[in-house]
Every structure is written in structure tokens, then in C-alpha cells.
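Worksheet: the structure to be examined is printed underneath.
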Amino acid sequence: MLPTYDYLRDNKTKQLKSVSDMKTKNNYLPSNFVTPFWNVKVGTLAGTNNPTLKTINVVRDFRWPDGRPVGKEYSDSGDGTVLVESAQIPGAFSNEVINQSHAGIIASDEGIDKILKFFGSPGINDPPYKEPKSALILVGYPGSFSLTDKNNHVINSENGMIAIMDPISGDYQLQINPTSSTTTFIIGQFLANGKFEYNEYKIRGLTQEPKIIEFNSKNINKNPLREIREYKYPRFPKFWFNLWRFWIKFHK
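Going by my numbering, 186 is the number at position 139 of the sequence shown; the sequence numbering is gapless.
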């Protein structure tokens with residue numbers, strides 16, 4: 048996943064560090080995947096006009112072989128995840144660029160149309176694509192689990208994972224079915240305001256009672272997992288507390 052271009056900038060000298068001189072680098076790319084691509088038709092589809100990470104500013108730190116990150120620089124020439132220059136392949140049959148996000152290049156009507164035309168197939172009529180703004184990501188292993196929302200809609204895990212796009216705020220009932228004495232369970236909350244949080248839990252025991260996951264689309268929940276039997280006692284009103292103290296003092 049690391050870039051193969053020079054992307055680390057010395058925060059003091061403002062000079063880019065050569066990838067070839069880095070300690071940690073991408074040894075998978077570049078590869079020998081070059082024209083004529085073994086006579087296979089090759090094309091790329093990239094998105095643009097979405098702020099995409101391009102360079103990372105670093106300072107010298109012995110704990111970080113290539114420098115400790117202290118800042119980021121973004122470019123609008125990307126889909127929010129991949130830069131256009133990183134997505135394209137020199138010599139390809141086509142290097143298309145559309146005004147879409149990373150998800151939109153394969154999920155939007157425009158992206159699907161480009162892909163189908165590349166394969167020589169006519170377009171299809173799909174419902175309009177909606178870019179997700181938030182997500183609730185659950186990962187559990189080993190074993191399986193299910194999630195039930197307030198409408199009693201049950202979602203079962205696939206390969207140890209559940210992903211809900213644009214989840215509704217509220218409580219979700221979680222049922223874990225362990226296959227080991229210890230289950231690792233991870234909850235990822237991604238909000239529309241850009242905030243996110245990961246929580247990792249170690250669930251012990253082969254038999255598990257249902258639990259509750261609390262999700263708030265506006266605020267991060269620092270500890271979203273709780274037992275159903277937990278009861279949050281209401282705060283005792285100060286007025287009644289003072290009245291009780293007065294009554295005790297009066298009857299002494």
C-alpha cells in the first residue's frame with residue numbers, strides 16, 4: 048500500500064526523500080507489469096477532485112527509521128484514497144479519469160458505465176449511487192456473530208465481519224458465537240465529521256449472553272460495548288437530596 052514515488056518531505060529542509068533510500072518501502076511495486084501486458088487489454092479508472100494524501104512531512108527521530116510524521120499535504124488530483132498518478136499505468140489501452148471518490152469509481156453510474164464500455168457491454172440502469180458518510184465496522188474472530196437493529200433486522204457476520212454504511216443512531220444487540228475460549232472483537236466507528244475510533248475487546252468464554260453496541264452518528268462513543276444487564280441508575284435529584292437532609296436534621 049505504500050507509494051512508490053517520493054512522498055516523505057523533510058520538515059526542516061522541505062526536500063523530498065528518495066524512496067530508494069528509505070528503510071521501509073514497497074517491495075511489491077513496481078513490478079514487471081508493463082506494456083504490452085502479455086497481449087491483454089489493460090485499462091485504468093481513476094477518481095479526482097477529492098482531497099487525497101500526497102506527501103507526509105517528517106522530522107528526524109531515532110525511533111522512526113524514515114522520520115517521524117508531523118504533517119500531511121493533500122492534492123485534489125485523487126479519489127480520496129489513491130492519487131490519479133498512482134492509479135494510471137503507462138501504455139495502458141485507456142487511463143480514464145472521472146469526478147468520483149474511491150468508492151464512486153466502481154459504484155457510481157458514471158463509473159459502472161465506464162467499466163461496462165471498456166468491456167464492450169451496454170450500460171445498465173441502476174438506482175442513483177449515494178456516497179456513504181459514516182460507518183459501523185465490526186470484526187470478531189474466531190467464531191461468528193450477528194447484529195440486530197431496533198427494527199429487528201438481523202445482520203449475520205461474513206468471514207468474521209459486518210459493515211453497516213450510514214448506520215442509524217441507537218442500540219444494536221450483539222450476539223457472539225465463539226469457537227474459542229477467547230474471542231477478539233473490534234468495533235470501528237466512522238462519523239461524517241471525519242472522526243473515528245477503534246475499540247478492541249477480549250471476550251472470554253464459549254457461551255456468551257447478548258450484548259449492546261451503542262452508536263451515535265454525531266459523537267464518538269469511547270466504550271460502545273456493554274452488557275444488557277448493566278443498568279444506568281438515574282442521578283438523584285439535588286432538590287430531593289437536600290429535602291431528605293432537612294427532614295433528617297429536623298427529626299433529630
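Don't be surprised by glycine CBs; every beta carbon is placed ideally from N, CA and C.
Comparing alpha-carbon positions, which option in the options lies nearest residue i?
i, options, result
"Pro-169", "Val-89, Glu-178, Glu-157", "Glu-157"
"Phe-314", "Ser-141, Ile-184, Asn-96, Arg-110", "The chain is shown from 48 up to 299; residue 314 falls before or after that span and cannot be answered."
"Thr-254", "Ser-228, Lys-197, Ile-260", "Ser-228"
"Pro-179", "Asp-160, Asn-240, Lys-161, Phe-166", "Asn-240"
"Pro-214", "Ser-181, Ser-191, Lys-119", "Ser-181"
"Leu-92", "Glu-132, Pro-257, Ile-234, Gly-190", "Glu-132"
"Lys-242", "Asn-268, Val-186, Leu-63, Asp-218", "Asn-268"
"Asn-45", "Pro-257, Ile-234, Glu-256, Gly-252", "Because the chain here runs from 48 to 299, residue 45 falls outside it and cannot be looked at."
"Lys-59", "Leu-272, Gln-222, Thr-82, Gly-114", "Gly-114"
"Lys-64", "Pro-112, Val-89, Thr-95, Gly-90", "Pro-112"
"Glu-120", "Met-69, Ile-223, Tyr-54, Glu-244", "Tyr-54"
"Asp-210", "Val-89, Arg-110, Lys-72, Gly-187", "Note on identity: in this sequence residue 210 is Ala, with Asp being the wrong assignment. Minimum Cα distance to Ala-210 is reached at Gly-187."
"Asn-219", "Thr-230, Asn-206, Asp-196, Thr-231", "The displayed chain sequence assigns Tyr, not Asn, to residue 219. Checked all of Thr-230, Asn-206, Asp-196, Thr-231; the closest Cα to Tyr-219 is Asp-196."
"Met-212", "Asn-73, Ser-264, Arg-273, Val-89", "Ser-264"
"Lys-177", "Asn-270, Phe-84, Ala-150, Thr-95", "Ala-150"
"Met-208", "Ser-216, Leu-221, Asn-270", "Leu-221"
"Trp-85", "Asn-73, Ser-122, Ala-139", "Ala-139"
"Val-89", "Val-117, Phe-166, Tyr-248, Asp-68", "Phe-166"
What does DSSP give as the partner residue(s) for residue i in the beta ladder?
i, result
"Pro-116", "Val-105"
"Met-208", "Val-186, Glu-205"
"Glu-274", "Lys-258"
"Glu-244", "Gln-236"
"Asn-97", "Asp-126"
"Pro-225", "Gly-190"
"Asp-218", "Glu-261"
"Leu-55", "Lys-64, Ile-103"
"Leu-76", "In DSSP, Leu-76 forms no bridge with anything."
"Ser-141", "Gly-90"
"Arg-251", "Thr-229"
"Trp-111", "Asp-108"
"Thr-195", "Val-201, Gln-220"
For residue i, does the count of other Cβ atoms within 10 angstroms reach 16, so buried, or fall short, so exposed?
i, result
"Arg-56", "buried"
"Ser-155", "buried"
"Leu-194", "buried"
"Glu-277", "Its pLDDT being 49, under 50, Glu-277 is placed unreliably in this model, and the value from its coordinates should be taken loosely. Its Cβ having fewer than 16 others within 10 Å, Glu-277 is exposed."
"Phe-192", "buried"
"Lys-161", "buried"
"Ile-260", "buried"
"Pro-315", "Past the edges of the chain, shown from 48 to 299, lies residue 315, and the structure says nothing about it."
"Tyr-52", "exposed"
"Pro-257", "exposed"
"Thr-82", "exposed"
"Leu-49", "exposed"
"Ile-71", "Correcting the residue type first, residue 71 is Thr in the shown sequence and not Ile. It counts as exposed."
"Arg-110", "exposed"
"Ile-152", "buried"
"Ile-275", "exposed"
"Gly-94", "buried"
"Pro-137", "exposed"
"Pro-41", "This structure gives no information on residue 41, because the portion of the chain shown stretches from 48 to 299."
"Ser-67", "exposed"
Quick one: is the Cβ of residue i within less than 6 Å of any heavy atom of the ligand HEM?
i, result
"Thr-128", "With respect to small molecules bound, the structure shown includes none, and the ligand HEM cannot be examined in it."
Are the stretch 201-211 and the stretch 128-146 touching by the rule of at least three beta carbon pairs closer than 8 Å?
Cβ pair count under 8 Å is below three, so no.
Can we say the stretch 96-112 touches the stretch 72-82, given the rule of at least three CB pairs closer than 8 Å?
In short, these stretches do not touch, since the Cβ pair count stays below three.
For the structure I just gave you, are there three or more beta carbon pairs, one from the stretch 124-141 and one from the stretch 83-99, closer than 8 Å?
Result yes; three or more Cβ-Cβ pairs closer than 8 Å.
Considering only residues of the stretch 142-166, which uninterrupted alpha helix (DSSP H) runs meet the minimum length of 4 residues and lie entirely inside it, listed in chain order?
Fully enclosed alpha helix (DSSP H) runs of 4 or longer: 151-154, 156-165.
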